[in-house]
Each structure stands twice: as structure tokens, then as C-alpha cells.
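Q: I am attaching a structure below and will ask some questions about it afterwards.
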Amino acid sequence: MISYNTKDWFTFIFHVHKSDTVRKLFPIMIAIGIYSSIIGYLEIAYFKVGKNDYIHNIPIMHGMLGFVISLLLVFRTNTAYDRWWEGRKLWGGLVNNSRNLAIKLSAMLKDENDRKFFRKFIPTYASILHKHLHDTETSKQLFDDVDLEIDHHKHKPNQVKRMMFHKINDLYDSKKITGDQLIILNEELQSFTDICGACERIKNTPIPYSYSAFIKKFIFFYTMTLPFGYSISLGYFVAPVVVFIFYVLASLELIAEEIEDPFGDDENDLPTKKIAENIKKHVEELI
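Okay, here's the thing in C-alpha cells:
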């Protein structure tokens, strides 16, 4: 995730970051500029369209459709941001639940081997979940001295959670913790699976295809018809104006596409790896 100063206006205005939409849209912006110039030339110099021709009234359509496209883009960006923010809240919950579980276990467990087990496996769940959400293969041995014995054809976070629950159940069977303590620990353990399932819901359920495709087509055809209506009033300046309008509309769609999956590798996605590392540091401090 990009770190920046929210109050540094001039940096935002004049600095072009590698994730800036200008870089992604530059080829098609050049093509639209050439297209708009050709349409402007044909209307002004070749066909000599005047203000009394019906084509001069096309901006009326753009005015009506502009309100519609603005509503669609607002809904699109808000929906994408809600997914990004929900992902952040879920991982914030994972941080807090990992801390709470570590605090409770530090008070309950007296045997160093038991404490060492949870000192390793609580942050292991966050690390495995990070890799699981990024669709990468998880190593069997995340730490040098811990062999997770994970079957890569199975759900990896569930296996880590199963191993922790079995360990806690063994502690209860061996009378190292009481039944009341077992119930107290169950809340944090259950929350791990709840968080994993919610993250998978965000990861595996993108914006419906028909909705996303319609917005892209709407932006394209809206932009392509702009030169026909504004060439008469703007002349050859219609090219930069249309390019700028396309840049604004398409950039909003690109931003929404980038943040709707907060568990990817884009510049603005959630720093789940860093969060998992922080969980490891905090748990090791507590147990």
C-alpha cells in the first residue's frame, strides 16, 4: 500500500506515480485524441457543418447521459471502496483476536513447550491466510523449526486452525486448562475461521460481469460521440477536451477495479503481509 502525506497537495498534482492511471490509459488516450481530431476536421473543414445543423444538438444527449454515468461511477467506486475497507476491518479484527488469544494463553499456560507452540502457530495462521488470499503455494515449513505438515490440496488456513484447536483440546484433556478456560479461548479461535470466510467472500465474488461490462461500454460510446457534438463549438480543441473527459471517467473505473480486490498485488491493495508480520511480532512479545 502506498504511504503518502495527505496534506501535500503539490506532490499529488505534479508527481506521476507508477500506479497512476495516466500510464495505463496513455495509449488509448492517444488513439481517442487522433479520433477526435479526425472527426473535428471532417465536420469543420470537409463537411462544413454549421450551428443550424441537427448534429449541433447532440450535446443535449450528453447532458442527459452525463447525470446517469455519474451515478453509475459513484456507485461503482463506493462499492469497490466498501470491499477494500471491509477487507481492512477484517484484518484489523484478525490482529486484535490474535493479540487477545495470545494474552489469554500467556496467562493460562505454564509449560514452555505449550507456549512455544502458540507463539509460532498464531502468527502462522495470518501468514498462511495472506498466502491463501494471494493464490500462491504455501510452503510446508514456514518457520525453520516448525513443520506444518500441510496437504497443499486442502484448505490451508483450516488446517492451521485445526491444529491449534486440537492442541487446545489436548491441553484440556491433560488438565492444563479448565473447561471454563476452553470456552473463553473458543471465541478467538472461531473468529479466525469467520475472518477467513469473509475474506474469501470478497476475494471470490467480484462485481457482476454484466454490470462492469456495461459501465465500460457506456464510457466508451459516451466518449466516442462527444466529438460529433462539440467540434462545432470547440473546433480543434475538441481533441484535448474529449481526451480529458475520457481520462476522468476511465480513471474512476480503473481505480474501482484496482481496489475491489484488496488482497491482490496492486500498489493500493492491503498490506496483508506486513500485517501478518506485525501479528508475529506482537504475539512473540505476549507469549
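For the sequence shown, position 56 matches number 56 in the numbering used here, and the numbering has no gaps at all. Every residue, glycine too, gets a C-beta built ideally from N, C-alpha and C. Remember, it's a predicted structure, so these values are computed and weren't measured experimentally.
Would S231 pass as a contact of I38 if the rule is Cβ separation under 8 Å?
A: no
Q: Please classify K273: does DSSP put it in a helix, a strand, or coil?
A: helix
Q: Spatial neighbours of G93 within its chain, please: C-beta separation below 8 Å, excluding the five flanking residues on both sides.
A: Hits under 8 Å: S191 and I195.
Q: Which class does P262 belong to by DSSP, given the choice of helix, strand or coil?
A: Residue state, collapsed to three classes: coil.
Q: Exposed or buried, T311, counting other C-beta atoms within 10 Å across all chains shown (16 or more means buried)?
A: Beyond the ends of the chain as shown, which are 1 and 287, falls residue 311; an answer cannot be given.
Q: Pick helix, strand or coil for T205, following the three-state DSSP scheme.
A: coil
Q: Could you check what DSSP says for T178 in three-state terms: helix, strand or coil?
A: coil
Q: When we look at the beta-carbon of I177 and count the other beta-carbons within 10 Å, is it buried (16 or more) or exposed?
A: buried
Q: Leaving out five residues before and five after L286 in sequence, what residues of the same chain have Cβ atoms less than 8 Å from its Cβ?
A: If we look at L286 and ignore the five residues flanking it on each side, its Cβ neighbours are R99, A102, I103 and S106.
Q: Within 10 Å of its beta-carbon, does V160 have 16 or more other beta-carbons around it, so buried, or fewer, so exposed?
A: buried
Q: Between the alpha carbons of D261 and I2, how many angstroms are there, rounded?
A: 16 Å
Q: Taking 8 Å as the cut-off, decide whether the C-beta atoms of I219 and T77 are in contact.
A: no
Q: Under the three-state reduction of DSSP, which class applies to H293: helix, strand or coil?
A: The structure shown does not extend to residue 293, since the chain is modelled only from 1 to 287, so the question has no answer here.
Q: How many whole angstroms separate the CB atoms of H166 and F263, which I take to be in contact at a CB cut-off of 8 Å?
A: Not really, about 28 Å apart at Cβ, beyond 8 Å.
Q: Nearest-angstrom Cα distance between E277 and Y222?
A: 46 Å
Q: Candidates K48, T79, F121 and H56: which alpha carbon is nearest K280's?
A: F121
Q: Where do the N-terminal and C-terminal ends of the alpha helix (DSSP H) with I60 fall, by residue?
A: I58 to M108
Q: Select from M64, I60 and L109 the residue whose C-alpha is nearest the C-alpha of Q181.
A: L109
Q: Could you check where the alpha helix (DSSP H) with L25 kicks off and where it finishes?
A: Where L25 is concerned, the enclosing alpha helix (DSSP H) stretches over T21 to Y41.
Q: In the DSSP assignment, find the alpha helix (DSSP H) that holds H291 and state where it starts and stops.
A: No answer is possible for residue 291: it lies beyond the span of the chain, which begins at 1 and ends at 287.
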